[in-house]
């Protein structure tokens, strides 16, 4: 009989107590798992989607809203900016490239983004099927969007107004799927991409009263924002100020805004972390009480083990193995619960379609969870194990 | 065999116990009697190498215990000593079979299921291997505890108050079982008891090859 097997049998000789201890410990570990998962996924999303974008130029308003809507596609944009103003930016000596972004419609919750081929090239995305658009009203689907929508090449659909499902349909303007992107792990995966002209066409067709009206609209065309890359990092010192003071637009630096966002989230994260810490401490105390009681209840049994020839270290190891089992079971349950919490949060906040937060992700940081579980359970078992180590056989013989 | 000479034990903050010398040949029976507190348990602990004597010499199963360090003493005890405690301490969490396997675990041996089966069979409880101790009668539990004590073929069996709270008939059966088991294993049997009935249950010259030595302990303070 192995020590671990014997410890397992002893542990489950008190099934209710063992189950409650596992549950209590796993709740603390689930909170830690949840925090690690959310932190990892947010950080990964920010890193991959913000890479290479030095500044976002859009309508005046909240700079964070501009970043969230135009780069991460999880918010509505503050407004539109004139196309001419964005074209002027392309000629600025500090600007290397400008990618236009036009938002306004969606198909079953997936955003239709009017842009240029440069947007796809920026994220190094490649085609899995078909080709890129070469005319308005042709679309290329991100991999997730294509899979969720069940769409294939040649299929057609009409967009609905707004950025969430439920708007009115642009019934006369039909999009045709001409390409599907391979998964890139970027924001493109969940977007429907088309030429900027498609967005103009849909809305001009929808609102123009006559040809004169359409001509006026063409002269006043807008985009939602522009993703700008600098020629030199020195531009960060003067370009945003230039945009903010010399144009009707605002410039928002993604790195700055995300840093601000993480600072705001930090307070909530700290509260959750403290809560998880309290849960773990409580669980540790509970494990300690359970094992301490076990030593007291089984004092005679443990003394008998010594009488049967077990060295004190072996008797103590039996208690530590019970703690190892508690820790392992709690780690498994805690990891699964944490994944469940993250998946539930993603589903509840509709973040699962934006791929920012979801369950069943296994970043290396999660290795800390079993380590923490074993640390807490073994730490709580140290004193009981010492009690088992020192158990007196003479007391057994003397019937005490 | 058990041989002691000038054996003393000093409790850290208690009395100094001095024990009479004994010389018990292998296969003999020693009845250790005396009132509660006279030192029977301490004497058993000394013989099992659980505590070291303050003075005197102690040789058990050809081993001089004074020379044994703690880990070596544990290993020696696992091989040489079989112990039947007053409270049987059969683990309620384990089956009868697993309780015996636990003795092999304690001795650092891997589980030997055929040996467990054979020992339980020899004591008439082979069909109870899968039961939990809570499902056994008092007599069955004592047989299982005795099986655990003799499983590793000890040279010395220490039985602590084996007849406590038993009626006359059950006490006679318990002592008879101990004597039979010790004889089958060729083990020296020590019965520590304050039960006056036990002396009458041990034949003075039982079966020829078992010698019976009563040892009366009284509290002694030097």
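Residue numbers (the numbering used here), protein chains in the order written: chain W, 1 to 400; chain G, 1001 to 1222.
Quick reminder that beta carbons are idealized off the backbone N, C-alpha and C, glycines included.
| query | result |
| --- | --- |
| How close, in whole Å, do the beta carbons of residue 340 (chain W) and residue 359 (chain W) come, if the pair is a contact with beta carbons under 8 Å? | 6 Å |
| Smallest Cα separation from residue 1128 (chain G): which of G:1114, G:1143, G:1022? | G:1143 |
| So if DSSP puts residue 1192 (chain G) in a beta bridge, which residue, or which two residues, is it bridged to? | G:1032, G:1160 |
| Determine the direct distance from the alpha carbon of residue 1164 (chain G) to that of residue 1171 (chain G), and round the result to whole angstroms. | 8 Å |
| What are the residues in the region 1073-1097 of chain G lying within 7 Å of chain W by C-beta distance? | 1074, 1075, 1077, 1078, 1083, 1085, 1086, 1087, 1089, 1091, 1092, 1093, 1094 |
| Measure the beta-carbon distance from residue 159 (chain W) to residue 175 (chain W) and round it to whole angstroms, keeping in mind my assumption that it falls under 8 Å. | 6 Å |
| Cβ of residue 55 (chain W) within 7 Å of any heavy atom in the ligand ADP? | Inclusion of the ligand ADP in the displayed structure is not the case, the ligand content being empty and no account of it being possible. |
| Count the CB pairs spanning the region 381-393 of chain W and the region 310-327 of chain W that are closer than 8 Å, and state whether there are at least three. | yes |
| Run through chain W and tell me which residues come within less than 8 Å of residue 1045 (chain G), C-beta to C-beta. | 393, 394, 397 |
| List the residues of chain G that residue 385 (chain W) touches, going by C-beta distances under 9 Å, in chain order. | The contacting residues do not exist; residue 385 (chain W) stays about 17 Å from chain G at best. |
| Residues bridged to residue 1169 (chain G) by DSSP? | Residue 1169 (chain G) pairs with nothing; no bridge assigned. |
| Would you report the Cα separation of residue 136 (chain W) and residue 195 (chain W), rounded to the nearest angstrom? | 6 Å |
| Leaving out five residues before and five after residue 1124 (chain G) in sequence, what residues of the same chain have Cβ atoms less than 7 Å from its Cβ? | 1143 |
| Decide if residue 215 (chain W) is buried, meaning its Cβ has at least 16 other Cβ atoms within 10 Å, or exposed. | exposed |
| Could you name each continuous alpha helix (DSSP H) segment of 4 residues or more that falls completely within the region 147-212 of chain W, going from the start of the chain to the end? | 196-207 |
| DSSP beta-bridge partners for residue 1082 (chain G)? | G:1157 |
| Roughly how many angstroms lie between the CA atoms of residue 250 (chain W) and residue 364 (chain W), to the nearest whole one? | 39 Å |
| Identify every run of the alpha helix (DSSP H) within the region 275-316 of chain W, keeping only runs that are complete inside it and at least 4 residues long; order them along the chain. | 299-307 |
| Which residues, taken in chain order from the region 3-25 of chain W, show a beta carbon closer than 8 Å to some beta carbon of chain G? | 3, 6, 9, 10, 12, 13 |
| Given this structure, state the Cα-to-Cα distance separating residue 1220 (chain G) from residue 312 (chain W), to the nearest angstrom. | Annotation note: pLDDT 49 at residue 1220 (chain G) (below 50); position unreliable, coordinate value reported separately. Approximately 31 Å, taken between the alpha carbons. |
| Looking only at its own chain, which residues have a Cβ that is under 7 Å from the Cβ of residue 8 (chain W), when we skip the five neighbours before and after it? | 325 |
| If you run the structure through DSSP and keep just helix, strand and coil, what is residue 321 (chain W)? | helix |
| Tell me which residues share the same chain as residue 299 (chain W) and place their Cβ nearer than 7 Å to its Cβ, disregarding the 5 neighbours each side in the sequence. | 391 |
| Determine whether the Cβ of residue 338 (chain W) lies closer than 8 Å to any Cβ atom of chain G. | no |
| Select from W:254, W:111, W:372 the residue whose C-alpha is nearest the C-alpha of residue 49 (chain W). | W:254 |
| I need the straight-line Cα distance from residue 1210 (chain G) to residue 1134 (chain G), nearest angstrom please. | Confidence at residue 1210 (chain G) is low in this model, with a pLDDT of 45, below 50, so the placement of that residue should be treated as unreliable; the coordinate-derived value is given next. C-alpha separation (whole angstroms): 35 Å. |
| So, residue 157 (chain W) versus residue 239 (chain W), is the Cβ gap smaller than 8 Å? | no |
| Thinking C-beta only, is residue 223 (chain W) closer than 8 Å to residue 132 (chain W)? | no |
| Please report how far the alpha carbon of residue 1184 (chain G) lies from the alpha carbon of residue 287 (chain W), in whole angstroms. | 46 Å |
| Helix, strand or coil for residue 28 (chain W), going by three-state DSSP, please let me know. | helix |
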